[in-house]
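Residues 527 to 835, numbered by my numbering, are exactly what the sequence shown covers, in order.
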Amino acid sequence: MRRQAIISLFFLGTFSSIHAFVVGIMTKSPISSSFSSSSSSSHFPRTNAVPLLFLSAIGEGDTVVVVGGSGGVGQLVSRKLAQAGYFVRVTSRNNPSTTDTNPNLTSTKLDLVKGSDQELQQAIQGAAALVISVGTTAFPTLKWKGGNTPQAIDDIAVTRLAYAASALQSLKRIVLVTSIGVDRTDQMPFFILNLFGVLDAKKKGEEAVRKAANENIDYAIIRPGRLIGGPFTNLDVAKLLQLKGGAENGVTVAAGDVLLGDCKRDACAEAIVQCLTNAACSNVEFSIVSNENETAWSVEQWTSAFQRM
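Set out below in structure tokens:
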């Protein structure tokens, strides 16, 4: 028993060291094959007066299902959408409380690993848009308990969701959140991050979402840098509308998978909302990191960025 504990501590320390090393490299300044809000502003003036539903791909009153809605990014996305007039259905493995005062926000329990195909279909039934913001740790931790491995979540579960979504007549758009590095697993630091296959699994999930797209359903794949900042996870739905998290800082985005750096959760959430509501965000794939030297983007700046992808 003692020997097993020592071995466990050794591996825990090893993974912690690896994680610290990877984070140190990933937080370097983003490379230059991208554009920030300042580069967009030469085409469009900055303004904070543009309504959220400008060039809307989905309409006010539509239902948006947020799978992984109890996570940090999912919480912010759900709050913003509910306040904008969308009906938001949050799914979570641990069914969150539904004591929220906003009638636009509901929740349903959904176990992505153990749930049946029928349960997945019921959870997303009637949705005009589907947000998939799920994941687990890159290295073995207690979060893998119950089979919640990267392969089970980022590959198999996302693939099943995409397949179920492709049959929905009501669905207009799928937005999938993955990670930078999915196309660079042979490069540092992503080679280390992918030791247990997390980036490979996310890439398979991306492939499934692309296959789900058709003449009625388009998609967006967002690859954020290392997610930082609040809100943190395990808050119930009753607290969603009390969370702070407007995108206070600008971002750098680039088509494909080319950036390095951190991404604030509020910035990632704003990108998701823009992908849902902006018609220009159709069948696009991009990486995103926070840019502390810029202010939050206007809708016009997001539109310009999407049109150049």
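Using N, Cα and C, we set each Cβ at its ideal position, and we do this for glycine too.
Q471 versus C801: straight-line alpha-carbon distance, rounded: This structure cannot speak to residue 471, because the chain is shown only from 527 to 835.
With distances taken from CA atoms, which of F832, A805 and V724 is nearest A664? Start at 1 with the first residue of the sequence shown, and residue 664 comes out as number 138. Comparing Cα positions, the closest option is V724.
Which runs of the alpha helix (DSSP H) at least 4 residues long sit entirely within the region 639-676? Give them in chain order. 643-650
Output needed for D637: all residues of its chain with C-beta closer than 7 Å, excluding positions within five of it in sequence on either side, in chain order. Numbered from its first residue, the sequence shown carries residue 637 at position 111. These residues qualify, in order along the chain: R619.
Identify which residue in I679, W823, R615 and T821 has its Cα closest to the Cα of V590. Residue numbering aside, residue 590 sits at position 64 when the sequence shown is read from its first letter. Of the candidates I679, W823, R615 and T821, the one whose C-alpha sits nearest the C-alpha of V590 is R615.
C-beta atoms of V593 and I658 nearer than 8 Å: Reading the sequence shown from its first residue, position 67 is the one you call residue 593. Reading the sequence shown from its first residue, position 132 is the one you call residue 658. In contact: V593 and I658 (Cβ atoms closer than 8 Å).
Quick check on DSSP: helix, strand or coil for D788? Sequence index remark: in the sequence shown, residue 788 carries index 262 (1-based). Reduced to three states, the DSSP call for D788 is strand.
What does the alpha-carbon distance come out to for the pair Y745 and D712? As a first step, residue 745 is located in the sequence shown; it is residue number 219 there, counting from the start. As a first step, residue 712 is located in the sequence shown; it is residue number 186 there, counting from the start. In a straight line, the C-alpha of Y745 is about 27 Å away from that of D712.
For S824, count neighbouring Cβ atoms within 10 angstroms of its own Cβ and tell me buried if that reaches 16, exposed if not. Numbered from its first residue, the sequence shown carries residue 824 at position 298. Looking at its Cβ environment, which holds 16 or more other Cβ atoms inside 10 Å, S824 is buried.
Pull up the distance between the alpha-carbon of L697 and that of Q647, whole angstroms please. As a working mapping, residue 697 is identified with position 171 in the sequence shown. As a working mapping, residue 647 is identified with position 121 in the sequence shown. Answer to the nearest angstrom: the Cα atoms are 12 Å apart.
Might you give, ordered along the chain, the residues of its own chain that have their beta carbon closer than 8 Å to the beta carbon of I679, omitting 5 neighbours on each side? The sequence position of residue 679 within the sequence shown is 153, counting from 1. Taken in chain order, the residues that qualify are L638, V639, V660, G661, T662 and A727.
Can you name the residues that DSSP bridges to Y745? Position 219 of the sequence shown holds residue 745. Answer is I700.
Taking the beta strand (DSSP E) that S816 belongs to, which residues open and close that run? If you number the sequence shown from 1, residue 816 lands on position 290. Run containing S816: V810 to N817, per the beta strand (DSSP E) assignment.
I754 - DSSP class collapsed to helix/strand/coil: Locating residue 754 in the sequence shown gives position 228, counting from the first residue. I754 falls in the strand class under three-state DSSP.
To the nearest angstrom, how far is it from the Cα of A780 to the Cα of F722? Residue numbering aside, residue 780 sits at position 254 when the sequence shown is read from its first letter. Residue numbering aside, residue 722 sits at position 196 when the sequence shown is read from its first letter. So the alpha carbons of these two residues sit roughly 27 Å apart.
Taking the alpha-carbon of K730 as reference, which of N630, G673, A831 and L702 has the nearest alpha-carbon? Within the sequence shown, residue 730 is the residue found at index 204, counting from 1. Among N630, G673, A831 and L702, the Cα nearest to that of K730 is on L702.
Between G598 and R749, is the Cβ-Cβ spacing less than 8 Å? Against the sequence shown, residue 598 aligns to sequence position 72. Against the sequence shown, residue 749 aligns to sequence position 223. Not closer than 8 Å, so no.
By the three-class DSSP mapping on this structure, what secondary structure does F722 have? Numbered from 1 along the sequence shown, position 196 holds the residue referred to as residue 722. Coil.
Within the same chain, show all residues whose beta-carbon is closer than 6 Å to that of T685, passing over the 5 residues directly before and after it, in chain order. As a first step, residue 685 must be located in the sequence shown, where it is residue number 159. These residues qualify, in order along the chain: A734.
Could you check the C-alpha separation between R834 and S808 for me, to the nearest Å? What you label residue 834 is simply residue 308 of the sequence shown in a count that begins at 1. What you label residue 808 is simply residue 282 of the sequence shown in a count that begins at 1. In a straight line, the C-alpha of R834 is about 12 Å away from that of S808.
Determine the direct distance from the alpha carbon of L668 to that of K606, and round the result to whole angstroms. Looking up residue 606 in the sequence shown gives position 80. Looking up residue 668 in the sequence shown gives position 142. Rounded to whole angstroms, K606 to L668 spans 31 Å at the Cα level.
Where the beta strand (DSSP E) containing V614 begins and where it ends: Here residue 614 is taken as the residue at index 88 of the sequence shown, counted from 1. Run containing V614: F613 to S618, per the beta strand (DSSP E) assignment.
Option nearest S692 by Cα separation, candidates I584, G751, K737 and G782: The residue given as residue 692 occupies position 166 in the sequence shown. Cα-wise, what sits closest to S692 is K737.
Can you tell me where the beta strand (DSSP E) holding G776 begins and where it ends? Start at 1 with the first residue of the sequence shown, and residue 776 comes out as number 250. Counting along the chain, the beta strand (DSSP E) containing G776 begins and ends at G776 to A781.
For I650, tell me which candidate among V799, Q677 and D588 has the shortest Cα-Cα distance. In the sequence shown, residue 650 corresponds to position 124, counting from 1. Looking at the Cα atoms, D588 is the closest of the given residues.
8 Å Cβ cutoff met for V495 and L785: Missing from the structure shown is residue 495; the chain here goes from 527 to 835 and no further.
Could you please give me the residues that DSSP links to K635 through a beta bridge? Counted from its first residue, the sequence shown places residue 635 at position 109. S618, per the DSSP bridge assignment.
Distance CB(I747)-CB(T704) smaller than 8 Å: Indexing the sequence shown from 1 puts residue 747 at position 221. Indexing the sequence shown from 1 puts residue 704 at position 178. It is a contact, given that the beta carbons lie within the stated cut-off.
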